[in-house]
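Undergrad: When you line the sequence shown up against the UniProt record's numbering, it's residues 1 to 306, in that order. One structure coming up, written as structure tokens, with questions to follow.
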Amino acid sequence: MSFFLITGEGFSALETGISSLNNQQSHIDTIEAMIKIVELDENVTSVGINSWPNMLGEMEFDAAIIDGTSKESGVVGALKQALHPISVARRVKETLPHVVLVGEGARHFADEQGFGRHIALTPHSLTGYTNWLKQHKLTDIASLKLSELAWKTADPQKAGGTVALMVMDETNSMAAGVSTSGWAWKHPGRLGDSPIIGAGIYADTRYGAAGCIGHGEYAIRTVAAKSIVQYMECGLSVKEAVLKVADEIIRLPKRMKAAIGLHAVSSKGEPFLAALGGFTEPYYFWQSGMAQAQKREADIIINWPE
Numbered sequence: 001m002s003f004f005l006i007t008g009e010g011f012s013a014l015e016t017g018i019s020s021l022n023n024q025q026s027h028i029d030t031i032e033a034m035i036k037i038v039e040l041d042e043n044v045t046s047v048g049i050n051s052w053p054n055m056l057g058e059m060e061f062d063a064a065i066i067d068g069t070s071k072e073s074g075v076v077g078a079l080k081q082a083l084h085p086i087s088v089a090r091r092v093k094e095t096l097p098h099v100v101l102v103g104e105g106a107r108h109f110a111d112e113q114g115f116g117r118h119i120a121l122t123p124h125s126l127t128g129y130t131n132w133l134k135q136h137k138l139t140d141i142a143s144l145k146l147s148e149l150a151w152k153t154a155d156p157q158k159a160g161g162t163v164a165l166m167v168m169d170e171t172n173s174m175a176a177g178v179s180t181s182g183w184a185w186k187h188p189g190r191l192g193d194s195p196i197i198g199a200g201i202y203a204d205t206r207y208g209a210a211g212c213i214g215h216g217e218y219a220i221r222t223v224a225a226k227s228i229v230q231y232m233e234c235g236l237s238v239k240e241a242v243l244k245v246a247d248e249i250i251r252l253p254k255r256m257k258a259a260i261g262l263h264a265v266s267s268k269g270e271p272f273l274a275a276l277g278g279f280t281e282p283y284y285f286w287q288s289g290m291a292q293a294q295k296r297e298a299d300i301i302i303n304w305p306e
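Right, here's the structure in full:
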């Protein structure tokens, strides 16, 4: 049996994923192929070429990939001028003794490995950034203390997005991957849950995989993806495991009530999504034998406590 679960931003990659798995491509190859499609999708503003920049108008990308059998992983964070961050993350996994590269080091590695530079600030991205500056009357942002602006200008509605993907191939091997530009107008250098293995994504071929999108700081504080999979290892169903972590998140003290989606799929091919705090994105699920992927809404909606 083969299957995939991809978050709502991954609509453009559905046919690629089906074709890849039907043609016996590996779990890792399928992850990279699908996410690369999303990174080029100009309809997506939280992943790839048409994304929102940071507070200084610079694009910074995060991506990660994990093999659920070996746990070998590759991560890049705050990577600039990259067309396909997921491919750079995979190359980290396959060529370095390290798991994580960030910032200038990640860019240096990408250059050495032959990944060209791409100035990923489209007219759409630039217009959005310019409007944000005008909205907050920021005429010379480079001279301001960005730390003092971070809370004042944070936009919970643009703290989401991200494409997260969980795959099982025909050999019953599982993997997970993720790519994102992070929060719109984030502080330069900010890393969310996506480039943190165990927070944003995790996979264990024996039990299942999980991917979290939205307000990643909550996923970091609860090590959400790893926790979901570990609860499945302890015998909980995928639903019970997700709800256990959702309960941990809603108990956290919050300074910003942004949304988060907890996605998971068991090794038996049982998907589940808990939508917290107004998270509204659907997800897509496909398994071998299906003609096309199914669009599914959240299996449960959980509001923040008053």
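Each residue gets a CB set at the ideal place from its N, CA and C atoms; glycine is no exception.
Applying the criterion that 16 or more other CB atoms from any shown protein chain within 10 Å of the CB defines a buried residue, is Q25 buried or exposed?
TA: With 16 or more Cβ atoms within 10 Å of its Cβ, Q25 is classed as buried.
Undergrad: Is it the case that the Cβ atoms of F272 and A259 are separated by a distance below 8 Å?
TA: Going by C-beta atoms, F272 is not nearer than 8 Å to A259.
Undergrad: Inspect the CB distances between the segment 73-81 and the segment 204-212 and report whether three or more fall short of 8 Å.
TA: These segments do not touch.
Undergrad: From the DSSP output, read off the bridge partner residues of C234.
TA: DSSP, once it has assigned bridges, lists no residue as partnering C234.
Undergrad: Which same chain residues, not among the five before or five after A203, have their C-beta less than 6 Å away from its C-beta?
TA: So the list reads I66, G68, M174, A175, A176, A209, once near-sequence residues are dropped.
Undergrad: According to DSSP, which residues form a beta bridge with P271?
TA: Looking at the DSSP assignment, P271 forms a beta bridge with V265.
Undergrad: Quick check: the Cα distance between M256 and L101, rounded to an integer number of angstroms?
TA: When rounded, the distance between both Cα atoms is 29 Å.
Undergrad: For D193, report the span of its alpha helix (DSSP H) as first-last.
TA: Here D193 belongs to no alpha helix (DSSP H), and DSSP marks it neither H nor E.
Undergrad: For S179, name the three-state secondary structure that DSSP assigns.
TA: Looking at S179 - three-state DSSP - the assignment turns out to be strand.
Undergrad: Alpha helix (DSSP H) containing R107: first to last residue?
TA: First-last of the alpha helix (DSSP H) with R107: 103-112.
Undergrad: Where Y218 and M290 are concerned, what is the direct C-alpha to C-alpha distance, given to the nearest angstrom?
TA: Computed Cα separation, rounded: 34 Å.
Undergrad: Please report how far the alpha carbon of P97 lies from the alpha carbon of A63, in whole angstroms.
TA: Cα to Cα, the separation comes out at about 18 Å.
Undergrad: Let me check understanding here. Comparing Cα to Cα, which of G198, W183, F4, L149 lies closest to T45?
TA: When each option's Cα is compared against that of T45, the closest is W183.
Undergrad: Rounding to the nearest angstrom, what Cα-Cα distance links Y207 and L165 in this structure?
TA: Those two C-alpha atoms are separated by around 16 Å.
Undergrad: With distances taken Cα to Cα, identify the nearest neighbour of T222 among I196, A154, C234.
TA: Of the listed residues, the one whose Cα sits closest to T222 is I196.
Undergrad: Whole angstroms is fine: what's the gap from E233's alpha carbon to A224's?
TA: Cα-Cα distance, rounded: 14 Å.
Undergrad: Taking only the alpha-carbon atoms, compute the straight-line gap between N303 and N43 and give it to the nearest angstrom.
TA: Looking at the two C-alpha atoms, the distance is approximately 28 Å.
Undergrad: Helix or strand or just coil, what does DSSP make of M168?
TA: In the structure shown, M168 sits in a strand (DSSP, three-state: E or B).
Undergrad: Would the beta-carbon of A298 fall within 8 Å of that of A274?
TA: It is a contact, given that the beta carbons lie within the stated cut-off.
Undergrad: I'd like the ranges of any beta strand (DSSP E) spanning at least 3 consecutive residues and lying wholly in the segment 3-75.
TA: The qualifying runs are 3-7, 61-67.
Undergrad: What does a CB cutoff of less than 7 Å around K226 pick up in its chain, not counting 5 residues either side in sequence?
TA: Within the same chain, K226 has close Cβ partners G198, Y202.
Undergrad: Can you tell me whether Q230 is buried or exposed, with buried defined as 16 or more other CB within 10 angstroms of its CB?
TA: Buried, by the Cβ-count rule.
Undergrad: How many angstroms separate the CA atom of V38 from the CA atom of G48?
TA: C-alpha separation (whole angstroms): 7 Å.
Undergrad: Check for me: the alpha helix (DSSP H) holding R91 runs from which residue to which?
TA: Note, R91: alpha helix (DSSP H), 85-95.
Undergrad: I need the boundaries of the beta strand (DSSP E) containing K295, first residue and last residue.
TA: Residues 294-296.
Undergrad: Okay, do the segment 50-59 and the segment 29-37 touch, 3+ Cβ pairs below 8 Å being the bar?
TA: They do not touch, by the three-pair rule.
Undergrad: Going by DSSP, what residues sit across from I213 in a beta bridge?
TA: Partner(s): G261.
Undergrad: Considering only DSSP beta bridges, list what M1 is partnered with.
TA: Answer by DSSP bridge pairing: none, since M1 is not bridged.
Undergrad: From the DSSP output, which residues share a beta bridge with W286?
TA: Partner(s): F4.
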